[in-house]
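Participant: Below you will find the structure I want to go over with you.
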Amino acid sequence: MPGKYVLAVDAGSSGCRSLIIDLKGNLVSSAYQEWFYDVTPPEVAPMGKEFNPGKFWDIICRLIRESIKKADISPVDIIAVSSASQRQGVVFLDKKGHELYAAPNTDLRALMEGFAIDGEFGDEVYRITGHKPSLLFTPARLKWFQANYPRIYEKITTALSIGDWITYRLSGERVAEVSCVADLGLVDIHEVKWSDTLGERLQLSREVCPMIVTAGTRVGWITSEAVRKTGLSAGTVVVAGGADTQCGLLGMGVKDKGEVGIVVGWSGAIQMVTTRPVIDPKGRLWSGCHALPRRWILESNAQECGGAYRWLKGLLFSASDKHEDIYGLMDSLAQEAPPGAGGMLAFIGPAVMDMSRLKLSLGGFIFPVTPSITAVERKHFVRAALENLAFAFKANCAQLEEVSRQKVKEVSIGGGLAQSRCLVKILSDILAMPVTCFESPQVTAWGAAMCAAVGSGVYPDLKRAMVAMRPKSRVIEPDAQSGQEYAPHYERWLTTVGWLQDLYEKIG
500 MPGKYVLAVD AGSSGCRSLI IDLKGNLVSS AYQEWFYDVT PPEVAPMGKE FNPGKFWDII
560 CRLIRESIKK ADISPVDIIA VSSASQRQGV VFLDKKGHEL YAAPNTDLRA LMEGFAIDGE
620 FGDEVYRITG HKPSLLFTPA RLKWFQANYP RIYEKITTAL SIGDWITYRL SGERVAEVSC
680 VADLGLVDIH EVKWSDTLGE RLQLSREVCP MIVTAGTRVG WITSEAVRKT GLSAGTVVVA
740 GGADTQCGLL GMGVKDKGEV GIVVGWSGAI QMVTTRPVID PKGRLWSGCH ALPRRWILES
800 NAQECGGAYR WLKGLLFSAS DKHEDIYGLM DSLAQEAPPG AGGMLAFIGP AVMDMSRLKL
860 SLGGFIFPVT PSITAVERKH FVRAALENLA FAFKANCAQL EEVSRQKVKE VSIGGGLAQS
920 RCLVKILSDI LAMPVTCFES PQVTAWGAAM CAAVGSGVYP DLKRAMVAMR PKSRVIEPDA
980 QSGQEYAPHY ERWLTTVGWL QDLYEKIG
């Protein structure tokens, strides 16, 4: 179908992007805007976060129109649209389809309800859903409304991930894509369906979970109202996308057992593909559904990554700095510092996942003193921060191997921070294996675009679309000598992580 395109909406934690891609996987245009969760009801501040669904929908529609304008194509040439979104973010609808509640993954209002669920049913919920602690997931938020706003609770008929909510807004159809609904904590990941046991234990109505579909399923066609708002043409096919990290796996071509995909944006999701659900007996990791049928993922998340690196950028560079590309400058500075960053270690966010131990620990930078002797410079801080990322990725990969009982076969990395050549080289060296990285940071949107292409009938399935539309990549080979140099630095980092946790418990 020459001259035809698909459109992907990527609703992330810090902003939204509309991206138009042709059917061979070439980027045509992109539009982006940051967004903020500026709705914090007084009764849930500061833990609770919400967003105005009308305002966010306006942003999404504006970005779609902008991307069409930038592409300089006719809307009729866009044959399908799909979406991906941050995980754990959820929207509650009433019977008529009005939004009763819309919140991101950072809404922690259901802290006590989550603790109550885990105190009574925690092990069973974890075995069914593959996720803990419950305070992060939809059942606890439903229980919060039941306890605090029963009148609103009685009106809730559907819970949708943000991506599935976008599908609803575009098509008027309520569906739950597999990877999205699994990461809401609403289904049995073993059977990939609603769990009656979960519903009974938590007193949840099964109607709250709509019909479950796989990524790439044609849901319907765009509504006349969405045509008016977005500028898309009548007859545009609306297709189920997936959770952001799982769409990132699609975009990177990560599909076979033992392959690992790292999607590093605000957080750093390290996901291993499995052919069956794998539950960590120690409760540290998450298990969920891949966007592909008959595939699951085991996840060891490095937690805050992009946010921590952005914080460092703001600390080291002033707003008046006139350098066009601060992140590029940071990468150049890091490459000037030696492996080990002159003895400096960073602990500013990226860490080893352990959902059984939700405790704070101390962090920051540790380096030999005094600075006047060790000559600490900005380059050492940046290098240490990138090594912090790579060390955390390696440690989380080790956990994946331990729990899955299989070796990591291949590693691919995508997302904003994957644009750092220095980071990818460090990672390849400390893993002692090749790492595939991608020229575009938008691997998640690419995965959603692949879903759109399948739903429109261009490709028969996602595996074919993954081959035909895969974005450009390069393979970074490890350097054996650098790997040997990193070995003692990595061990020092691991030892210090444990020491900082113990120190916090003693003085915190």
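The sequence shown begins at 500 in my numbering and counts up by one. Just so you know, even glycine gets a beta-carbon here, dropped at the ideal spot from N, CA and C. These numbers come from a predicted model, not from an experiment.
According to DSSP, what are the bridge partners of Val-910?
Facilitator: By 1-based counting over the sequence shown, the position of residue 910 is 411. Paired residues: Val-759, Val-934.
Participant: On the three-pair Cβ rule with 8 Å, is the segment 717-736 touching the segment 862-880?
Facilitator: no
Participant: Would you mind giving the Cβ-Cβ distance between Asp-743 and Gly-511, rounded to the nearest angstrom? I have them listed as a contact below 8 Å.
Facilitator: Numbered from 1 along the sequence shown, position 244 holds the residue referred to as residue 743. Numbered from 1 along the sequence shown, position 12 holds the residue referred to as residue 511. So it is a contact: roughly 6 Å between Cβ atoms.
Participant: Give, in chain order, every unbroken run of the beta strand (DSSP E) that is at least 3 residues long and sits entirely within the segment 934-974.
Facilitator: 934-937
Participant: Quick one: Cα of Ile-796 to Cα of Ile-761, how far?
Facilitator: Sequence index remark: in the sequence shown, residue 796 carries index 297 (1-based). Sequence index remark: in the sequence shown, residue 761 carries index 262 (1-based). The alpha-carbon atoms of Ile-796 and Ile-761 are separated by roughly 12 Å.
Participant: So, at 6 Å on beta carbons, what are the nonlocal neighbours of Trp-664 in its own chain, with the 5 sequence-adjacent residues on each side left out?
Facilitator: The count along the sequence shown starts at 1 and reaches residue 664 at position 165. Taken in chain order, the residues that qualify are Val-590.
Participant: Excluding the five sequence neighbours on either side, which residues of its own chain have a C-beta within less than 6 Å of the C-beta of Ala-658, listed in chain order?
Facilitator: Indexing the sequence shown from 1 puts residue 658 at position 159. Excluding sequence neighbours, Ala-658 sits near Val-589, Phe-591, Thr-637, Val-707.
Participant: Skipping 5 residues on each side, what residues in its chain have a beta carbon closer than 6 Å to that of Ala-833?
Facilitator: Walking along the sequence shown from the start, residue 833 turns up at place 334. If we look at Ala-833 and ignore the five residues flanking it on each side, its Cβ neighbours are Val-881, Arg-882, Leu-885, Cys-921.
Participant: What residue does the alpha helix (DSSP H) around Phe-550 start on, and which one ends it?
Facilitator: Locating residue 550 in the sequence shown gives position 51, counting from the first residue. No alpha helix (DSSP H) contains Phe-550, which DSSP labels as neither H nor E.
Participant: Alpha carbon to alpha carbon, how far is Glu-565 from Asp-571? Give it in angstroms, no decimals.
Facilitator: Sequence index remark: in the sequence shown, residue 571 carries index 72 (1-based). Sequence index remark: in the sequence shown, residue 565 carries index 66 (1-based). One C-alpha to the other measures close to 10 Å.
Participant: For the beta strand (DSSP E) that contains Asp-521, what are its first and last residues?
Facilitator: On the sequence shown, residue 521 is found 22 positions in, with the first residue counted as 1. 514-521 is the extent of the beta strand (DSSP E) around Asp-521.
Participant: Could I get the ranges of all uninterrupted beta strand (DSSP E) runs contained in the segment 625-710, with 3 residues as the minimum, in chain order?
Facilitator: 657-660, 674-676
Participant: Keeping to the same chain, check which residues put their C-beta closer than 7 Å to that of Asn-472; ignore five residues upstream and five downstream.
Facilitator: Residue 472 lies beyond the residue range present for the chain, which begins at 500 and ends at 1007; the question has no answer from this structure.
Participant: Using a Cβ-Cβ cutoff of less than 7 Å, which residues in the same chain neighbour Gly-848 once the five nearest sequence positions on both sides are dropped?
Facilitator: Reading the sequence shown from its first residue, position 349 is the one you call residue 848. Closer than 7 Å at the Cβ level, and outside the excluded window around Gly-848, lie Gln-802, Glu-803, Cys-804, Gly-806, Ala-807.
Participant: For Met-771, does the three-state DSSP call read helix, strand or coil?
Facilitator: For the purposes of this step, residue 771 is identified with residue 272 of the sequence shown, where counting begins at 1. Strand at Met-771.
Participant: Let me make sure I understand the geometry here. Which of Glu-900, Lys-858, Lys-924 has the alpha-carbon closest to that of Leu-999?
Facilitator: To locate residue 999, count along the sequence shown from 1; it is residue 500. If you compare the alpha carbons of Glu-900, Lys-858, Lys-924 with that of Leu-999, the shortest gap goes to Lys-858.
Participant: With which residues is Cys-804 paired in a DSSP beta bridge?
Facilitator: Here residue 804 refers to the residue found at position 305 when the sequence shown is read from its first residue. Beta-bridge pairing links Cys-804 to no other residue.
Participant: What do you reckon, are the CB atoms on Lys-692 and Ile-661 nearer than 8 Å?
Facilitator: Within the sequence shown, residue 692 is the residue found at index 193, counting from 1. Within the sequence shown, residue 661 is the residue found at index 162, counting from 1. Going by C-beta atoms, Lys-692 is not nearer than 8 Å to Ile-661.
Participant: Nearest CA to the CA of Thr-994: which residue from Arg-608, Asp-622, Ala-850?
Facilitator: Counting from one through the sequence shown, the residue named residue 994 turns up at place 495. Cα-wise, what sits closest to Thr-994 is Ala-850.
Participant: Quick one, are the C-beta atoms of Pro-574 and Gly-734 less than 8 Å apart?
Facilitator: Along the sequence shown, one-based indexing puts residue 574 at 75. Along the sequence shown, one-based indexing puts residue 734 at 235. Going by C-beta atoms, Pro-574 is not nearer than 8 Å to Gly-734.
Participant: Below 8 Å between beta carbons: does that hold for Val-777 and Lys-756?
Facilitator: For the purposes of this step, residue 777 is taken as the residue at position 278 of the sequence shown. For the purposes of this step, residue 756 is taken as the residue at position 257 of the sequence shown. No; because the gap between Cβ atoms is not below 8 Å, this pair is not in contact.
Participant: Below 8 Å, can you find three or more Cβ-Cβ pairs linking the segment 635-652 to the segment 612-620?
Facilitator: Because the criterion of three Cβ pairs below 8 Å is met, the segment 635-652 and the segment 612-620 touch.
Participant: Specify, as a first and last residue, the run of the beta strand (DSSP E) that Gly-787 falls within.
Facilitator: Position 288 of the sequence shown, counted from the start, is the residue given in the question as residue 787. Element bounds for Gly-787: 785-788.
Participant: Select from Leu-1002, Leu-635, Thr-628, Arg-991 the residue whose C-alpha is nearest the C-alpha of Ile-688.
Facilitator: What you label residue 688 is simply residue 189 of the sequence shown in a count that begins at 1. Ranking the options by Cα distance to Ile-688, first place goes to Thr-628.
Participant: Do the CB positions of Ala-845 and Asn-800 come within less than 8 Å of each other?
Facilitator: Working through the sequence shown from its first residue, we reach residue 845 at position 346. Working through the sequence shown from its first residue, we reach residue 800 at position 301. Result no, Cβ atoms of Ala-845 and Asn-800 do not sit closer than 8 Å.
Participant: When we look at the beta-carbon of Val-868 and count the other beta-carbons within 10 Å, is it buried (16 or more) or exposed?
Facilitator: Mapped onto the sequence shown, residue 868 falls at position 369. Label assigned to Val-868: exposed.
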